[in-house]
Structures are given as structure tokens and as C-alpha cells.
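Beneath this line is the structure, given in C-alpha cells, with notes to follow.
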Amino acid sequence: MLRARGWQVIGFDRCAGPNVAVTGDRFNPDDLAKVRHACPEGAIVFDLIAYEETAVQSLCNALDGKLARYVVLSTVSVYSSLGSECATEAQAVLGASDGPGYQAGKRRAEQSLTALALDVEPQ
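Using my numbering, the first residue of the sequence shown is number 14, and each one after it goes up by one.
Pasting the structure below:
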């Protein structure tokens with residue numbers, strides 16, 4: 014959809030695929046250098062993977078000075094209580110040390126990104 018609207022999309026993943034421009038690992042300095050080289054100034058990152066603080070920081074550090082915005086997409090498992098109800102943005106989220114590993118890690122990744130941001134828009 015973004016490509017159809019004229020955006021330049023650079024997929025970065027450990028596995029090659031039709032939408033992956035850069036294959037590599039976000040913790041490998043050589044791979045991060047490839048991503049930095051591929052990204053234009055004013056890049057917007059949509060991160061579907063990060064679920065730990067160091068994962069967000071590694072990509073932010075690699076793209077320092079090029080990022081316009083960094084969006085972390087989270088799953089509903091960051092919400093403190095779901096039960097049989099549908100998750101909404103109004104629900105409370107887990108604290109940084111609450112819950113099982115994935116959930117707490119995802120929340121810490123979000124908090125880390127918020128701490129790095131100069132222009133944060135709460136959602």
C-alpha cells in the first residue's frame with residue numbers, strides 16, 4: 014500500500030523475501046550499516062518485531078540523524094487484562110516489569126523508545 018502511494022519502502026529482516034531490501038540482524042553492526050546506507054534522511058520506521066529495549070536502541074542508534082519517526086507496533090498482549098473483551102487503546106498496559114517475558118519486554122521497548130523521542134505523541 015505504501016509503495017502504491019509513492020513511498021520508498023525498505024524492508025529489513027533476517028530472512029530474504031519479496032519485500033525485504035536488506036537482509037540481516039538488528040544486532041549485527043555490518044547489517045545495521047547496510048540499513049543506514051539504504052535509509053534516506055527523514056526515514057519513518059515501522060517496527061513489527063522489537064520486543065526488548067536493546068532491539069529498539071540498536072536500530073535507533075544505527076539510524077541516528079536519519080529518523081523522522083519510529084513506530085513500534087505492539088500486540089494486544091501488552092494490555093494488562095483482556096478476558097473475553099476486545100482490546101482497546103483505552104485499556105491499561107502492563108508496567109515495565111509486569112507480566113511474562115514477551116509482554117514485559119515489549120512494554121520496556123516502548124518505554125525505551127519514548128525516552129529517546131523528542132517529539133512524542135501519546136496514542
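Glycine residues also receive a C-beta, built at the ideal position from the N, C-alpha and C atoms. Predicted, not measured: the structure shown is a model, and the values here were computed from it.
Rounded to whole angstroms, the gap between the alpha carbons of L126 and V69 is 7 Å.
A residue is called buried once 16 or more other Cβ atoms fall within 10 Å of its Cβ, and C28, having fewer, is exposed.
About 5 Å separates the beta carbon of G118 from that of Y64, a gap short enough to meet the 8 Å contact definition. In the three-state reduction of the DSSP assignment, V22 falls in the coil class, being assigned neither a helical nor a strand state. In its chain, beyond the 5 residues on either side, G30, N32, V33, A34, V35 have a beta carbon closer than 8 Å to the beta carbon of G24. Less than 9 Å divides the Cβ of V58 from the Cβ of L72.
Of the residues assessed, V48 falls on the buried side of the cut-off, its CB having 16 or more other CB atoms within 10 angstroms. Here the alpha carbons of Q104 and G55 stand approximately 32 Å from one another.
Leaving aside the five residues that flank A51 on each side, the residues in its chain whose CB is nearer than 7 Å to its CB run, in chain order, I23, A34, V35.
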